[in-house]
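Asks: Residue numbers (the working numbering), protein chains in the order written: chain A, -11 to 73; chain B, -11 to 73. Beta carbons are placed, not taken as given, at the ideal position from N, Cα and C, and that holds for glycine. All values reported here derive from a predicted model rather than from experimental measurement. Have a look at the structure that comes next, please.
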């Protein structure tokens, strides 16, 4: 089985209102030591182990760019590992 | 400066409707090789570098459990690194 961890973040310069709200709330609660905060989405995906690494990687790239992220305002990174358990 | 990467996931057994919806959509689009999918939130937090590691770690644990997650249904993991740049 292949296991992919995919992180989707906003591109540089794109407004992240959720992060702004959380950062403000942290200040209100006294956590002024938090100087910056950004948010993103996290996905753990399991893929059929009969695929080759290249095939699994193609699936991860396709679903990340087409379904899990919006390439106009977001970018994704991933790690693909083989889970033999 | 301290930099923390915090991942918030649903606890085992907690329904994850977003993951279910995405997994279903992937099947509809022909990605039947995706056998499981779970979602989570990703946060990158910068913390004042004048704090000790223990102090920074305390801040990360507090904000993760009080603000970034709901401990009833979610759990968090984090990595704290020192960024000397």
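#1: Nearest to residue 11/A by CA position, among 46/B, 51/B, -1/B, is which residue?
#2: Could you tell me the alpha carbon to alpha carbon distance between residue 17/A and residue 36/A, rounded to whole angstroms?
#3: Is the stretch -8 to -1 of chain A in contact with the stretch 50 to 68 of chain A, if contact means three or more CB pairs nearer than 8 Å?
#4: Got a sec? Which residues, its chain only, sit under 7 Å from residue 45/B by beta carbon, not counting five neighbours each side?
#5: Determine the DSSP secondary structure at residue 6/B, reduced to helix, strand or coil.
#6: So residue 42/A contacts chain B; which residues on that side make the cut at Cβ distance below 7 Å?
#7: Under the DSSP definition of a beta bridge, which residues are partnered with residue -7/A?
#8: Chain B beta carbons: is any one of them nearer than 8 Å to that of residue 69/A?
Replies: Per the coordinate set shown:
#1: 51/B
#2: 45 Å
#3: yes
#4: If we look at residue 45/B and ignore the five residues flanking it on each side, its Cβ neighbours are 68.
#5: Secondary structure at residue 6/B: helix, using DSSP grouped into helix, strand and coil.
#6: Chain B residues near residue 42/A: none, gap ~13 Å exceeds 7 Å.
#7: 32/A, 67/A
#8: no
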